[in-house]
Amino acid sequence: YTCRRTKAFSSLSRRDLAEEFLSEAKKLLDLEYGRASVCAVQGLTLLFSVSAYRGTDRAGMLYRFAAYEMFNRLDVEAKYNAMRYDMTKDLERRILSRLAWGLFCFESIVAYVYLQISMIPPPSIPRHFERPFEPPPAPYGRAPAPNVDMFGNTHTSESKSPPFVPGALYLACDVTLMLYSSMQWNMESESFYGTEEDLRVRRRKLHEVRQWREGLPRNMREDINFTPQTCYL
Numbered sequence: 004y005t006c007r008r009t010k011a012f013s014s015l016s017r018r019d020l021a022e023e024f025l026s027e028a029k030k031l032l033d034l035e036y037g038r039a040s041v042c043a044v045q046g047l048t049l050l051f052s053v054s055a056y057r058g059t060d061r062a063g064m065l066y067r068f069a070a071y072e073m074f075n076r077l078d079v080e081a082k083y084n085a086m087r088y089d090m091t092k093d094l095e096r097r098i099l100s101r102l103a104w105g106l107f108c109f110e111s112i113v114a115y116v117y118l119q120i121s122m123i124p125p126p127s128i129p130r131h132f133e134r135p136f137e138p139p140p141a142p143y144g145r146a147p148a149p150n151v152d153m154f155g156n157t158h159t160s161e162s163k164s165p166p167f168v169p170g171a172l173y174l175a176c177d178v179t180l181m182l183y184s185s186m187q188w189n190m191e192s193e194s195f196y197g198t199e200e201d202l203r204v205r206r207r208k209l210h211e212v213r214q215w216r217e218g219l220p221r222n223m224r225e226d227i228n229f230t231p232q233t234c235y236l
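Using our numbering, the letters of the sequence shown correspond one by one to residues 4 to 236.
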């Protein structure tokens, strides 16, 4: 949608390929007739993201609200719990978990832009993201675990994608939970903002954030492993 090749072709052909892509996406969405599905929820959030990129996020709010309404209709947590102990449903559980936690992280970022609390509460189901890990001891200390490319192969200077850090998405959920807790306290403390009780809670939350950061594996620290994901964390 935003790549140089698209912009170059649009300039030569005098056609707005980005706009044509957006129109086609809307047509495909209409064909769903409001049917709730994982793909439709993802599509709606992408349409909102595109609207925000174009500077029309207020008009695109319709997609944001529609995505969350459809997500609620899916009743992801009930579906997950119904198959929690079914060993043949591992893939389905992973899909549902990543949808719930991914959408929670996405909405928390969006809501924070508008100084609001996330419209989606924290999921109560497990996170099916790869857990972070410390690398094994090396002869000369502990070297960070290698970054990977978008296909899961070791990232090199020849890789065509940015470096990804295994376990970063799991930790991003931690960040989102702390953000949700802070935004929730902002709402609860409006009537006694700045009091000793309010400051005590805020100091405790700040201490929790600092402790969390101090406990990060070395490959998750941006001063050691400089990547987009570690900078976000």
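Glycine residues also receive a C-beta, built at the ideal position from the N, C-alpha and C atoms.
Residue i - DSSP class collapsed to helix/strand/coil
i: T59; result: coil
i: M223; result: helix
i: F132; result: coil
i: S26; result: helix
i: M186; result: helix
i: P142; result: Bear in mind that a pLDDT of 49 at P142, under 50, signals an unreliable position, so the number given afterwards is only what the model happens to contain. In the structure shown, P142 sits in coil (DSSP, three-state: anything other than H, G, I, E or B).
i: T9; result: helix
i: Q45; result: helix
i: E35; result: coil
i: Y196; result: coil
i: S121; result: coil
i: T230; result: coil
i: R17; result: coil
i: L236; result: coil
i: S52; result: helix
i: R207; result: helix
Identified DSSP bridge partners for residue i
i: V113; result: In DSSP, V113 forms no bridge with anything.
i: T157; result: V151
i: F167; result: V151
Cβ-Cβ distance between residue i and residue j below 9 angstroms
i: M73; j: V116; result: no
i: F167; j: D177; result: no
i: P135; j: P220; result: yes
i: C108; j: A175; result: yes
i: E110; j: I123; result: yes
i: V41; j: L102; result: yes
i: I227; j: M186; result: no
i: L1; j: A70; result: Beyond the ends of the chain as shown, which are 4 and 236, falls residue 1; an answer cannot be given.
i: M181; j: V212; result: yes
i: A21; j: S13; result: yes
i: A39; j: V113; result: no
i: P125; j: Y173; result: no
### Message
Can you confirm whether the stretch 11-27 touches the stretch 59-79 when touching is taken to mean that 3 or more C-beta pairs between the two stretches lie within less than 8 angstroms?
### Response
no
### Query
Where are the alpha helix (DSSP H) runs, 4 residues long or more, that stay fully inside the stretch 66-115, in chain order?
79-85
### Message
Below 8 angstroms, how does it come out for the stretch 75-88 and the stretch 46-55: are there three or more Cβ pairs, yes or no?
### Response
no
#### Entry: the stretch 86-104 in contact with the stretch 122-131 per 3-pair CB rule at 8 angstroms
yes
### Query
Is it a yes or a no for the stretch 196-212 touching the stretch 158-165, going by three-plus beta-carbon pairs under 8 angstroms?
no
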